[in-house]
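>
2 protein chains.
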Amino acid sequence: MPDTYTSVPNAVPTAVLDAIHRAVGDKGFVVDEREMEPHVVEWRDNYRGRAAAVVRPASTEEVAAVVRICAEAGVPIVPQGGMTGLVGAGIPHEHGGEIVLSLRRMNRILEVNPTAYTMTVEAGAVLKTIQDEAAAHDRLFPLSLAAEGSCTIGGNLSTNAGGVQVLHYGNARSLVLGLEAVLPDGRVWNGLRALKKDNTGYDLKHLFMGAEGTLGVITKAVLKLFPRPKDVATAWLAVRNPAAAVELLSRAHAASEDNVTSCELMGRLGIDLVLSHIPGSVDPLAERHDWYVLLEWSSTRPAPAHGGGMLAKMEAFLGDAMEAGLVFDAVLAQSSAQAQAFWKIRESHSEAQKLEGPSIKHDISVPVHRIPEFVDQGIAAMKAVMPDLRPVPFGHVGDGNLHFNAQSPTGMDKAAFYARRDDINHAVHDLVRSFGGSISAEHGIGRFKLEELERYRGPVELDAMRAIKRALDPRNIMNPGKVVRV
Amino acid sequence: MPDTYTSVPNAVPTAVLDAIHRAVGDKGFVVDEREMEPHVVEWRDNYRGRAAAVVRPASTEEVAAVVRICAEAGVPIVPQGGMTGLVGAGIPHEHGGEIVLSLRRMNRILEVNPTAYTMTVEAGAVLKTIQDEAAAHDRLFPLSLAAEGSCTIGGNLSTNAGGVQVLHYGNARSLVLGLEAVLPDGRVWNGLRALKKDNTGYDLKHLFMGAEGTLGVITKAVLKLFPRPKDVATAWLAVRNPAAAVELLSRAHAASEDNVTSCELMGRLGIDLVLSHIPGSVDPLAERHDWYVLLEWSSTRPAPAHGGGMLAKMEAFLGDAMEAGLVFDAVLAQSSAQAQAFWKIRESHSEAQKLEGPSIKHDISVPVHRIPEFVDQGIAAMKAVMPDLRPVPFGHVGDGNLHFNAQSPTGMDKAAFYARRDDINHAVHDLVRSFGGSISAEHGIGRFKLEELERYRGPVELDAMRAIKRALDPRNIMNPGKVVRV
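So, in structure tokens, the structure goes:
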């Protein structure tokens with residue numbers, strides 16, 4: 001398989017860098033190695049790249065100018081957001097012949113229209129800022145994930161991010177009405193339309209979302225807002241097993257009147273890792289159990305003054321679920337602080353895994369009703385490769401999406417563990433294939449899963465992707481060597 | 001602008017037709033002019049095409065074989081579903097050098113999984129059959145439109161159909177988990193994945209949906225099912241004006257607990273046309289009004305035995321709305337027969353317009369909150385071209401989507417009316433552009449709006465579409481001359 005990104009020149013001509021410098025000014029141009037470092041190292045240190053420059057444009061026009069210069073000179077560009085991605089899509093390669101294009105200076109909220117339930121933002125706006133802005137207008141922007149304090153909306157859209165509310169509101173691509181993007185030739189596509197329906201030709205919006213910057217640079221977006229939940233119930237449950245979690249969710253849809261906004265499954269080891277590594281975390285339940293669910297229901301109607309709101313409904317529901325043997329024990333959050341403490345446990349899983357030591361991660365999805373089977377067979381498949389490996393499955397059970405992770409055996413040497421990485425990956429991903437599943441449910445492909453994608457997707461699909469990539473980026477300058485190799 | 005479809009040879013070589021005949025057998029091969037006629041004439045008689053053959057494959061393998069033969073010989077293919085489209089996408093050109101590929105024999109429901117809320121179907125399955133099959137499993141497939149008795153799901157997906165429940169469930173593309181399609185080189189893309197989340201590269205699914213058969217032939221789909229509504233309230237309202245309709249909808253979301261499934265606006269002239277042309281139709285209200293809304297709320301919970309269900313909630317809501325002066329009069333359906341009678345009035349608008357005589361149609365969308373402004377200015381703009389023209393605006397107000405139609409002035413000669421078609425179209429579409437709207441909200445582009453699209457979309461967007469078309473269909477054999485000219 002030819003690998004175009006290794007054949008780019010490893011030095012960008014000074015004249016090109018000067019032209020870029022002039023286009024973005026001093027504030028937008030970084031070549032000092034130390035200042036560039038945070039832009040070229042992946043947060044888990046899986047990749048350390050190099051860049052000829054880190055370019056930080058302040059406007060779409062500046063992005064377009066930079067891309068035009070690079071297109072003419074054939075200089076590859078790595079678009080970059082908040083750098084919280086998990087597949088290395090925003091990290092430059094090691095050869096140093098690329099420029100990093102950071103969108104973080106373009107972080108403005110351009111318009112909020114609560115009546116129309118829309119918000120227009122620049123790509124570098126931080127997700128949390130967008131959530132807060134929506135809340136200030138009594139609206140909800142429902143995209144929510146552990147990295148929300150630092151990830152940017154441009155990155156969220158480029159990777160079609162998922163998170164903990166996909167179940168109710170859909171993934172990132174469902175939350176967008178319109179986009180503006182700079183194409184690989186430096187022209188600006190203005191698709192910033194605030195329309196619910198628009199059947200005028202091929203849907204470019206959906207093509208840019210999920211392309212991880214390989215087809216162009218998303219510069220602005222019109223986002224959908226929703227009514228803000230006024231009555232939220234959050235519970236921490238010990239459940240019998242993953243099958244009980246799926247059954248519980250199925251019943252919860254009706255019981256909550258289709259108001260289940262989150263349903264997260266966690267195994268005991270993940271909880272143990274959080275309790276031992278994350279200061280201030282406390283097990284919500286007195287006894288130990290094997291499986292847990294974090295369940296949240298939200299209504300846009302305020303809770304009635306004299307009872308009958310979400311909390312009461314969930315309490316009755318959980319009573320029934322305990323009687324049915326699905327749930328062993330449960331605690332309902334009595335305050336938003338308590339709810340946040342539950343969420344902290346769920347959201348700290350990645351951090352705790354990192355602090356515990358080496359791990360191998362899989363972001364898989366299968367049809368929802370097959371999750372229980374998959375968990376059993378997936379654990380067996382990993383242990384067949386490495387009997388002492390410690391499985392840490394957790395995630396969005398209602399989306400059929402689990403982070404099917406493996407912690408290295410206690411005391412095992414890091415190199416010895418990672419030496420088996422491919423075998424463990426293939427054991428899990430072969431099983432995913434046999435379930436008709438996906439080897440990347442929400443994290444994307446980037447650089448990390450490029451070879452896995454080539455292994456698991458058929459030639460017809462890969463050829464179609466390559467044809468699209470070549471058509472829109474004939475010089476292969478937009479984030480080359482990510483998602484699909486041409 | 002070069003127009004490729006006029007340059008194809010107007011005779012398909014006999015050897016090619018023979019090869020196709022062998023691939024699909026006698027049952028799948030029609031060359032008799034009379035038998036072909038229903039496949040080459042548009043239902044409103046806007047287009048009368050010709051075809052070298054009508055090919056009716058019985059399986060994906062047969063579709064693939066036919067496409068391979070055509071790809072090799074450079075013979076253009078017009079994929080065709082139920083032929084209810086409104087932009088001529090499924091009708092062959094006049095030159096006769098194309099084959100029609102009708103999917104109607106591939107009409108099987110392949111699998112229903114009520115637990116997983118999925119159904120797998122062949123492209124030629126009729127929408128109504130799919131709805132009924134879902135209902136038989138106590139599930140809902142929510143795509144619903146006037147042509148549902150004869151349109152096919154392949155056509156629905158290829159055009160990203162809209163309809164009367166988009167407000168709650170989204171348009172056709174939102175209702176699909178996976179697709180199978182035959183690409184322009186005859187290879188089969190198997191994307192029949194029943195996954196809620198799958199971020200593995202470019203989203204081909206969303207590219208094929210809305211491409212109107214110009215990038216390949218959709219052959220199968222995995223559809224999303226929903227809980228079947230158990231408690232439905234339907235009301236026919238006379239409202240003050242379009243602004244009142246928008247305000248009413250905004251209030252209805254909260255009052256119904258986000259259970260508004262339809263909100264259709266109609267003007268008086270449309271009602272009059274239905275009453276005079278559609279046998280058995282009756283005005284639900286005694287007095288005449290200028291504007292009407294058909295409002296439907298649906299809950300997946302059965303109505304409580306002792307009141308408090310949707311009907312009661314809607315009644316209280318309408319009482320408030322009348323007090324607020326938004327609604328002048330209202331009637332709540334007391335039976336499903338009565339609800340169907342209301343729907344019949346709405347769904348008969350197109351038929352009534354056809355029976356009344358010549359009309360010019362626009363399928364526009366603008367941001368929802370700007371609908372009232374648009375209606376006022378749009379009517380004025382059309383009347384500025386032709387003072388006696390009779391506006392018939394109606395449609396999906398909650399989607400910002402109106403069928404902004406014009407009936408010819410009473411007694412005006414058909415030719416004289418159509419002579420002004422371009423002027424009227426431009427008056428409306430120029431206004432749409434100034435509102436940041438779409439000139440085709442749900443009907444697509446096909447052949448009918450090809451020139452309008454070229455007029456209203458910028459070169460960047462058109463170039464990107466052309467690049468994609470050329471990349472996936474380099475010989476331009478898939479439905480050439482539709483959507484985008486290359």
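Chains A and B, in that order, give the protein sequences.
Quick note on the UniProt record's numbering: the first sequence kicks off at 1 and runs consecutively.
Quick note on the UniProt record's numbering: the second sequence kicks off at 1 and runs consecutively.
A virtual CB, placed ideally from N, CA and C, is assigned to each residue, including glycine.
1) Who are the Cβ neighbours of T261 of chain A in its own chain at under 6 Å, not counting the five residues just before and after it?
2) So, with DSSP's three-state summary, where would you put residue 487 of chain A?
3) So, under 8 Å CB-CB, A238 of chain A and H289 of chain A are touching, yes? Tell me the CB distance rounded to an integer number of Å.
4) My output table needs one value for A53 of chain B: the three-state DSSP class, helix, strand or coil.
5) Residues of chain B with CB under 9 Å from I468 of chain A, in chain order?
6) For chain A, find out if any of its Cβ atoms is closer than 8 Å to the Cβ of D430 of chain B; answer yes or no.
7) Using CA atoms only, rank isn't needed, just tell me which of B:H369, B:K361, B:L355, B:V432 is closest to R420 of chain B.
8) Report the option in A:I153, A:E122, A:R104, A:R139 whose CA atom is closest to the CA atom of K128 of chain A.
9) Taking 8 Å as the threshold (beta carbon to beta carbon), is E461 of chain A in contact with chain B?
10) Nearest to G400 of chain A by alpha carbon, out of A:M382, A:I439, A:V368?
11) Count the other CB atoms, across all protein chains shown, that sit within 10 Å of the CB of L294 of chain A; report buried if there are 16 or more and exposed otherwise.
12) Among the candidates B:A303, B:S150, B:E94, B:G216, whose CA atom is the shortest distance from the CA of N476 of chain B?
13) Residues of chain B with CB under 8 Å from E152 of chain A, in chain order?
14) Tell me, to the nearest whole angstrom, how far the beta carbon of G28 of chain A is from that of R56 of chain A; I am working on the premise that it is less than 8 Å.
15) Residue ranges of each alpha helix (DSSP H) run of no fewer than 4 residues wholly in the segment 310-336 of chain B, ordered along the chain?
16) Mind pulling the chain B residues with CB within less than 7 Å of residue 490 of chain A?
17) Between H277 of chain A and chain D, is there a C-beta pair that is closer than 8 Å?
18) Per DSSP, what kind of secondary structure is D376 of chain A in: helix, strand or coil?
19) Hey, does I77 of chain A have any beta-carbon neighbour from chain B nearer than 8 Å?
20) Under 9 Å between beta-carbons, which chain B residues line up against I91 of chain A? List them in chain order, please.
21) How is the alpha helix (DSSP H) around F417 of chain A delimited, first residue to last?
22) Identify each residue in the segment 367-383 of chain B for which the Cβ-Cβ distance to at least one residue of chain A is less than 7 Å, and report them in chain order.
23) What is the residue span of the alpha helix (DSSP H) that I445 of chain B lies within?
24) With DSSP run on the structure shown, which of helix, strand or coil describes N199 of chain A?
25) Cβ of I130 of chain B less than 8 Å from any chain A Cβ?
26) Tell me which residues share the same chain as K383 of chain A and place their Cβ nearer than 8 Å to its Cβ, disregarding the 5 neighbours each side in the sequence.
27) If you draw a straight line from the alpha carbon of Q131 of chain A to that of V16 of chain B, how long is it in whole angstroms?
28) Could you name the residues of the same chain whose beta carbon sits closer than 7 Å to that of E94 of chain A, not counting the 5 residues immediately before and after it, in chain order?
29) Would you mind reading off the limits of the beta strand (DSSP E) that contains I109 of chain B?
30) With distances taken from CA atoms, which of B:D138, B:R104, B:Y117 is nearest A125 of chain B?
31) Please check if any C-beta of chain A sits within less than 8 Å of the C-beta of G162 of chain B.
32) Write down every uninterrupted run of the beta strand (DSSP E) in the segment 74-153 of chain A whose length is 3 residues or greater and which is fully enclosed by it, in chain order.
33) Rounded to the nearest angstrom, what separates D272 of chain B and M478 of chain B at their Cα positions?
34) Is any beta-carbon of chain A found at less than 8 Å from that of A211 of chain B?
35) Does L295 of chain A come within less than 8 Å of chain B when only Cβ atoms are used?
36) Going by the DSSP bridge assignment, what does S348 of chain A pair with across the sheet?
Taking the structure as given:
1) Mapped onto the first sequence, residue 261 of chain A falls at position 261. In chain order, Q165, H168, E296, S298 place their CB closer than 6 Å to the CB of T261 of chain A, counting only its own chain and leaving out the 5 sequence neighbours on each side.
2) Outside the displayed range of chain A (1 to 486) lies residue 487 of chain A, so it cannot be described from this structure.
3) Counting from one through the first sequence, the residue named residue 238 of chain A turns up at place 238. Counting from one through the first sequence, the residue named residue 289 of chain A turns up at place 289. Yes, they are in contact, since the Cβ atoms of A238 of chain A and H289 of chain A sit about 4 Å apart, within 8 Å.
4) Along the second sequence, read from residue 1 onward, the residue named residue 53 of chain B stands at position 53. Correct three-state label for A53 of chain B: strand.
5) As a first step, residue 468 of chain A is located in the first sequence; it is residue number 468 there, counting from the start. By Cβ distance, chain B contributes Y202, L204, L207, A467, I468, A471, L472.
6) Here residue 430 of chain B corresponds to residue number 430 of the second sequence, with the count starting at 1. For D430 of chain B, the answer is no, since every Cβ of chain A falls outside 8 Å of its Cβ.
7) On the second sequence, residue 420 of chain B is found 420 positions in, with the first residue counted as 1. Selected option, being the one with the closest Cα: B:K361.
8) For this step, residue 128 of chain A is matched to residue 128 along the first sequence. Looking at the Cα atoms, A:I153 is the closest of the given residues.
9) If you number the first sequence from 1, residue 461 of chain A lands on position 461. Yes, E461 of chain A counts as interfacial toward chain B.
10) Here residue 400 of chain A refers to the residue found at position 400 of the first sequence. Of the listed residues, the one whose Cα sits closest to G400 of chain A is A:V368.
11) Position 294 of the first sequence, counted from the start, is the residue given in the question as residue 294 of chain A. The residue is buried, with at least 16 neighbouring Cβ atoms inside 10 Å.
12) Looking up residue 476 of chain B in the second sequence gives position 476. The shortest Cα separation from N476 of chain B among B:A303, B:S150, B:E94, B:G216 belongs to B:G216.
13) On the first sequence, residue 152 of chain A is found 152 positions in, with the first residue counted as 1. The residue you asked about is not Glu; residue 152 of chain A is Thr in the sequence shown. The contacting residues do not exist; T152 of chain A stays about 17 Å from chain B at best.
14) Counted from its first residue, the first sequence places residue 28 of chain A at position 28. Counted from its first residue, the first sequence places residue 56 of chain A at position 56. Yes, G28 of chain A and R56 of chain A are in contact; Cβ-Cβ is about 4 Å, under 8 Å.
15) 310-323
16) Since the first and last residues shown for chain A are 1 and 486, residue 490 of chain A lies out of range.
17) The structure shown has no chain D; the protein chains it does contain are A and B.
18) Mapped onto the first sequence, residue 376 of chain A falls at position 376. Looking at D376 of chain A - three-state DSSP - the assignment turns out to be helix.
19) Numbered from its first residue, the first sequence carries residue 77 of chain A at position 77. No, its Cβ sits nowhere closer than 8 Å to a Cβ of chain B.
20) By 1-based counting over the first sequence, the position of residue 91 of chain A is 91. What I91 of chain A touches in chain B: nothing, since even the nearest Cβ is about 18 Å away.
21) One-based indexing of the first sequence puts residue 417 of chain A at position 417. According to the DSSP assignment, F417 of chain A belongs to the alpha helix (DSSP H) that extends over 414-419.
22) P367, V368, H369
23) Looking up residue 445 of chain B in the second sequence gives position 445. Segment: none, I445 of chain B is in no alpha helix (DSSP H) and carries neither H nor E.
24) For the purposes of this step, residue 199 of chain A is taken as the residue at position 199 of the first sequence. N199 of chain A falls in the coil class under three-state DSSP.
25) Position 130 of the second sequence holds residue 130 of chain B. By this cut-off, I130 of chain B is not an interface position.
26) Along the first sequence, one-based indexing puts residue 383 of chain A at 383. Contacts found: L389, P391.
27) Taking the first residue of the first sequence as 1, we reach residue 131 of chain A at position 131. Taking the first residue of the second sequence as 1, we reach residue 16 of chain B at position 16. About 59 Å.
28) Here the question's residue 94 of chain A lines up with position 94 in the first sequence. For E94 of chain A, where only same-chain residues beyond five positions count, the Cβ hits under 7 Å are G49, R50.
29) Within the second sequence, the letter at position 109 stands for residue 109 of chain B. 109-113 is the extent of the beta strand (DSSP E) around I109 of chain B.
30) If you number the second sequence from 1, residue 125 of chain B lands on position 125. Here the closest residue by C-alpha is B:R104.
31) If you number the second sequence from 1, residue 162 of chain B lands on position 162. It does: the Cβ of G162 of chain B has a partner Cβ on chain A nearer than 8 Å.
32) 77-80, 99-102, 109-113, 118-122
33) Indexing the second sequence from 1 puts residue 272 of chain B at position 272. Indexing the second sequence from 1 puts residue 478 of chain B at position 478. Those two C-alpha atoms are separated by around 42 Å.
34) By one-based count along the second sequence, residue 211 of chain B stands at place 211. Yes, its Cβ sits closer than 8 Å to a Cβ of chain A.
35) Working through the first sequence from its first residue, we reach residue 295 of chain A at position 295. With 8 Å as the cut-off, L295 of chain A does not count as an interface residue toward chain B.
36) Position 348 of the first sequence, counting from 1, holds the residue named residue 348 of chain A. None; S348 of chain A has no bridge partner.
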